[in-house]
Amino acid sequence: MTRCDETTLVAIVDDDDAVRAALQGLLRAVGFSSRSFESAEAFLDSGHQRETGCLIVDIRMPGMSGLELQARLNAEHCKIPTIFITAHGDEEMRFQALRAGAVEFLPKPFDDEVLIESVRAALQC
Amino acid sequence: MDSDGRINLAPRPAWSMARRYGLAFFSVIVALVAARVLLYFHSPQTFGAFALSAIAVTFWYAGTAPGVLSAVLSSIVRDYFFEPGIGTESRLLFDLVFLVFALLMSRVVKERNDLEVRVAARTEDLTRSNEDLKRRIAERNQAEYLTGQVFESSPDSILIIGTDYTYKRVNPVHARNWGMSPESIVGMQVANLLGAEFFEHKIRPFLDRCFAGVDTRFEEWFETVRGRRYLAVSYSPLRSGSQRVEAALVISRDLTEHVVASEALRQTQADLAHVNRLTTMGELTATLAHEVNQPIAAASTCASTCVLWLTRDDPDVGEAREAALGAVRNAKRAADIVNGIRAISRKGESKRQPVDMSELIQEIVSLLRNEAQRFSITIRAELGENLPRVMADSVQVQQVMMNLIMNAIDAMKTVDRKRELTIRSQLWEGPQLMFVVSDTGIGLPQQQARKIFDAFYTTKPNGIGMGLRISRSIVESHGGRLWAAENSPWGARFHFTLPTETVPED
Numbered sequence: 025m026t027r028c029d030e031t032t033l034v035a036i037v038d039d040d041d042a043v044r045a046a047l048q049g050l051l052r053a054v055g056f057s058s059r060s061f062e063s064a065e066a067f068l069d070s071g072h073q074r075e076t077g078c079l080i081v082d083i084r085m086p087g088m089s090g091l092e093l094q095a096r097l098n099a100e101h102c103k104i105p106t107i108f109i110t111a112h113g114d115e116e117m118r119f120q121a122l123r124a125g126a127v128e129f130l131p132k133p134f135d136d137e138v139l140i141e142s143v144r145a146a147l148q149c
Numbered sequence: 149m150d151s152d153g154r155i156n157l158a159p160r161p162a163w164s165m166a167r168r169y170g171l172a173f174f175s176v177i178v179a180l181v182a183a184r185v186l187l188y189f190h191s192p193q194t195f196g197a198f199a200l201s202a203i204a205v206t207f208w209y210a211g212t213a214p215g216v217l218s219a220v221l222s223s224i225v226r227d228y229f230f231e232p233g234i235g236t237e238s239r240l241l242f243d244l245v246f247l248v249f250a251l252l253m254s255r256v257v258k259e260r261n262d263l264e265v266r267v268a269a270r271t272e273d274l275t276r277s278n279e280d281l282k283r284r285i286a287e288r289n290q291a292e293y294l295t296g297q298v299f300e301s302s303p304d305s306i307l308i309i310g311t312d313y314t315y316k317r318v319n320p321v322h323a324r325n326w327g328m329s330p331e332s333i334v335g336m337q338v339a340n341l342l343g344a345e346f347f348e349h350k351i352r353p354f355l356d357r358c359f360a361g362v363d364t365r366f367e368e369w370f371e372t373v374r375g376r377r378y379l380a381v382s383y384s385p386l387r388s389g390s391q392r393v394e395a396a397l398v399i400s401r402d403l404t405e406h407v408v409a410s411e412a413l414r415q416t417q418a419d420l421a422h423v424n425r426l427t428t429m430g431e432l433t434a435t436l437a438h439e440v441n442q443p444i445a446a447a448s449t450c451a452s453t454c455v456l457w458l459t460r461d462d463p464d465v466g467e468a469r470e471a472a473l474g475a476v477r478n479a480k481r482a483a484d485i486v487n488g489i490r491a492i493s494r495k496g497e498s499k500r501q502p503v504d505m506s507e508l509i510q511e512i513v514s515l516l517r518n519e520a521q522r523f524s525i526t527i528r529a530e531l532g533e534n535l536p537r538v539m540a541d542s543v544q545v546q547q548v549m550m551n552l553i554m555n556a557i558d559a560m561k562t563v564d565r566k567r568e569l570t571i572r573s574q575l576w577e578g579p580q581l582m583f584v585v586s587d588t589g590i591g592l593p594q595q596q597a598r599k600i601f602d603a604f605y606t607t608k609p610n611g612i613g614m615g616l617r618i619s620r621s622i623v624e625s626h627g628g629r630l631w632a633a634e635n636s637p638w639g640a641r642f643h644f645t646l647p648t649e650t651v652p653e654d
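Written as C-alpha cells, this is what we have:
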C-alpha cells in the first residue's frame with residue numbers, strides 16, 4: 025500500500041455519526057488524514073475547503089444535500105474531487121452525480137476497497 | 149231478608165205523605181173493627197191492645213207524626229166507641245198509656261232510623277272497601293300473572309334458591325339447560341345438581357353473600373350440558389315481610405353469542421390494524437432500507453478497517469480491536485432496527501405496559517426523519533420534560549404516531565412554503581398526556597373535518613382510508629381521544645390524549 029501525503033485532507037460529510045466514525049477509522053488505517061462534518065453547511069462554515077483534497081459526501085442529508093454542496097463548491101470555483109455515498113441510490117441519481125463531475129457514486133453498504141481506490145484516484149496518489 | 153236468604157240492607161223506600169197518614173187512619177180502623185166485630189167483645193182493653201198494635205205499626209212504617217196521629221185517633225175511638233161514659237180519670241189513664249206508648253215508639257223509631265243511617269253509611273263504606281279490595285285483588289292477580297309469565301317465559305334462566313341451598317322454583321329455561329323437568333329440580337340440593345366441589349368453591353360464596361343481603365353478580369365461562377357457555381349470573385336477596393332474607397333470586401343470562409361476536413370483532417379490528425401497519429411499513433420501504441443500510445455500511449467499513457490494521461506489516465491490535473468493536477456496535481444497531489420493524493409489523497395480542505412516550509416519539513422520529521428529508525420536511529419535537537408514563541401497547545401507539553406523521557408528510561409534499569412537522573407533548577387534565585402533531589401542509593378538507601375519521605375516507609389516490617379510523621380506535625381503546633383541528637396559519641393539527649400510568653397505592 026502506498027502512503028499518500030499525510031497533509032492531504034479527506035473531508036467526510038454525512039449526517040450519520042456511525043458512518044462518519046467508520047469512514048474516519050478506515051481512512052486512518054490506510055494512512056489518510058480526515059475530518060468529518062455532520063452537514064454540508066458545517067463543512068462550508070469550517071473553512072477547510074481549500075485544503076480538502078477529496079470529499080466523501082452523503083447525498084441525502086437534512087438541509088443542503090450532497091449534490092447541492094457540489095454545485096455550490098463548483099459555483100465558488102472550488103472544485104474538490106467528490107465521492108458520493110448514499111443509502112438510497114438509484115440510477116437517475118448516479119447519472120446526475122457523475123454528470124456533475126463526481127469521481128465515484130457508491131451506494132451503501134459500499135465495498136471499502138473500491139472506496140479506498142476512489143480516494144486514491146481523487147488524490148491522485 | 150230477600151228471596152235468596154240475604155239480609156236486605158237497602159234503605160227503606162220513602163212513602164208518600166198520603167200513604168203515611170192513611171196508614172194511621174187505616175190501622176186504627178182495623179183495630180176498631182177487630183175489637184168490635186171479630187172478637188164479639190166490647191171491651192175497651194181489647195181495643196186498647198189492638199190500638200197499641202196499630203200505633204206501633206203506624207210508628208214503624210209511617211213515621212213519628214202519623215204514629216202520634218194514630219195514638220190520638222185510638223184515644224178518640226176508644227172514648228167514642230167503647231167507653232162513652234167513662235170517667236175522666238179512666239180516660240186520662242188510657243190516654244196516658246197511649247201517650248207513653250207513643251213516646252216509646254217515637255224513641256224506638258228514632259233509634260231505628262239512626263241505626264238505619266249508620267247501617268247505610270257503614271254499608272256504603274263496606275261496599276267501597278269491597279270494591280277497592282276487589283280491584284286490588286284483581287291488580288295483584290294481574291301482577292302475579294305477569295310475574296309468573298316473566299318467570300315462565302323469560303329467555304334467561306331464573307331460579308329461586310332457599311337458605312337451605314335447595315331449589316324452590318326454576319323456570320323452563322333453567323330446566324331445559326339441564327335436560328330435566330322443573331318439577332324434578334325443585335327440592336334438589338344445588339350441590340347435587342352442580343357438583344359438590346363446584347358448588348362449594350364457586351356458587352356457595354355468592355349464595356352466602358346474597359343471603360347476607362348483598363346483591364352480587366359475576367360473568368364466566370361454564371361447562372354445561374349445552375357445551376361451553378359464557379354466563380352472566382346475578383344473585384338478589386328475596387325478603388319476606390320481616391325483612392329477613394328467605395331466598396336468593398338467581399338470574400343467569402347466556403352471553404355466549406355476544407362474547408364470541410365481540411371477540412371476533414376485536415380480532416377483525418386487530419387484523420385490520422395489522423394490515424394498516426403493514427401497509428404503512430410498505431410505504432416506508434425506501435426509508436426503512438435506508439435506516440438499515442446506514443449501520444450495515446458502518447459495520448462493514450469497521451470490519452474492513454479491522455482487517456487492514458491486522459494485515460499491515462506492523463499490525464496494530466489496539467486499532468484493530470477498536471474497529472472490530474465498531475463493527476459489532478453497528479451490526480447490533482442494524483439488528484435493533486430490524487427488530488423494531490418486525491415488532492411494528494407483528495400480529496399479536498395487545499400488551500399493555502408502562503411506556504415512556506418521549507422515548508417512543510424519539511424512536512419514531514428517528515425512523516421517519518429520512519422519509520421527511522426526502523421531501524425537505526423538518527421535524528421538530530417539543531416534548532415535555534419528566535412526563536409520567538402511560539399504560540399502553542407500545543406497538544399500537546407507535547402505529548398511531550406513524551399514521552399521524554405519515555399523513556403530515558403527505559400533506560406537505562406539494563406545498564411551496566416552509567414544510568415543518570412539529571410534535572409536542574404535555575401534561576393534560578385527567579390526568580392524561582396530550583400529544584399534538586401539526587404540519588404546514590394543505591390543511592383539513594373543507595367542511596369535512598369530521599369525515600376524515602370515517603372508514604374508507606381518503607384524499608390519497610392509492611389510500612385505503614383506514615389509517616385515522618384505526619388510530620382513533622386504538623386511542624379510544626386506551627381511554628383517550630383523537631381529534632383534528634386547523635393549524636394556524638396553515639396546515640392541520642392532530643391531538644390525542646392517553647391516560648397516564650396509575651401507580652398502585654401501597
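Protein sequences appear in the order of chains A and B.
According to the numbering used here, the first sequence holds residues 25 to 149 in order.
According to the numbering used here, the second sequence holds residues 149 to 654 in order.
Think of the CB as a built atom: it goes at the ideal place given N, C-alpha and C, for glycine as much as any other residue.
Note that the structure is a prediction, hence the values are computed from the model and not measured.
Contact set between residue i and chain B, taken where Cβ atoms lie within less than 7 Å
i, result
"K103/A", "Per Cβ cutoff of 7 Å: no residues; K103/A is ~26 Å from chain B at best."
"L54/A", "The amino acid occupying residue 54/A in the given sequence is Val; Leu does not appear at that position. Here the neighbours are L456."
"V43/A", "Q442, A445, A446"
"L47/A", "T449"
Euclidean distance between Cα positions of residue i and residue j
i, j, result
"D558/B", "L93/A", "27 Å"
"D39/A", "T648/B", "35 Å"
"M554/B", "L97/A", "34 Å"
"A479/B", "I509/B", "23 Å"
"W638/B", "T453/B", "50 Å"
"I622/B", "I333/B", "48 Å"
"M336/B", "D419/B", "48 Å"
"A451/B", "A45/A", "13 Å"
"L575/B", "D69/A", "40 Å"
"L47/A", "K103/A", "22 Å"
"E126/A", "S58/A", "The sequence shown places Ala at residue 126/A, rather than the Glu named in the question. Each residue's alpha carbon lies about 19 Å from the other."
"K499/B", "H626/B", "11 Å"
"V220/B", "F195/B", "14 Å"
"R365/B", "G578/B", "30 Å"
"S301/B", "R374/B", "20 Å"
"V362/B", "P353/B", "11 Å"
"E367/B", "P330/B", "24 Å"
"D243/B", "F173/B", "17 Å"
"G170/B", "T236/B", "29 Å"
"A632/B", "D587/B", "12 Å"
Buried versus exposed, by CB contacts within 10 Å (16 or more), residue i
i, result
"L379/B", "buried"
"P105/A", "buried"
"C78/A", "buried"
"E530/B", "exposed"
"Y383/B", "buried"
"S524/B", "exposed"
"Q193/B", "exposed"
"L263/B", "exposed"
"T433/B", "exposed"
"R414/B", "exposed"
"K561/B", "exposed"
Cβ separation of residue i and residue j, assumed to be a contact under 8 Å, to the nearest whole Å
i, j, result
"I485/B", "V440/B", "5 Å"
"R425/B", "S493/B", "6 Å"
"A447/B", "A482/B", "7 Å"
"Q544/B", "I512/B", "With a Cβ gap of about 13 Å, Q544/B and I512/B do not count as contacting."
"Q521/B", "R84/A", "6 Å"
Within chain A, partners of residue i - CB distance below 7 Å
i, result
"E511/B", "Under the 7 Å cutoff, chain A gives no residues; its nearest Cβ is about 16 Å from E511/B."
Proximal chain B residues relative to residue i, where beta-carbon distance stays under 9 Å
i, result
"F134/A", "A445, S448, T449"
"L168/A", "Examination of residue 168/A is not possible in this model, given that chain A is present from 25 through 149 alone."
9 Å Cβ cut-off: residues of chain A touching residue i
i, result
"H438/B", "R84, T110, A111, H112, K132"
"R598/B", "The premise fails here: R598/B is roughly 36 Å from chain A at the closest Cβ pair, so nothing lies under 9 Å."
"G430/B", "Neighbours of G430/B on chain A: none; closest Cβ ~17 Å, over 9 Å."
"G672/B", "The structure shown does not extend to residue 672/B, since chain B is modelled only from 149 to 654, so the question has no answer here."
"E467/B", "G49, R52, A53"
Under 8 Å from the C-beta of residue i: neighbouring residues of chain A
i, result
"N478/B", "A42, A46"
"Q521/B", "R84, M85, P86"
"N555/B", "Within 8 Å Cβ-Cβ: nothing; N555/B doesn't reach chain A, min ~21 Å."
Original post:
Listed from N- to C-terminal order along the chain, which residues in the stretch 479-492 of chain B have their beta-carbon within a distance smaller than 8 Å of any beta-carbon of chain A?
Top reply: Identification of residues in the stretch 479-492 of chain B having a C-beta nearer than 8 Å to some C-beta of chain A yields R481, given in sequence order.
**OP:** Identify each residue in the stretch 515-547 of chain B for which the Cβ-Cβ distance to at least one residue of chain A is less than 8 Å, and report them in chain order.
**Re:** R517, N518, Q521, R522, T526
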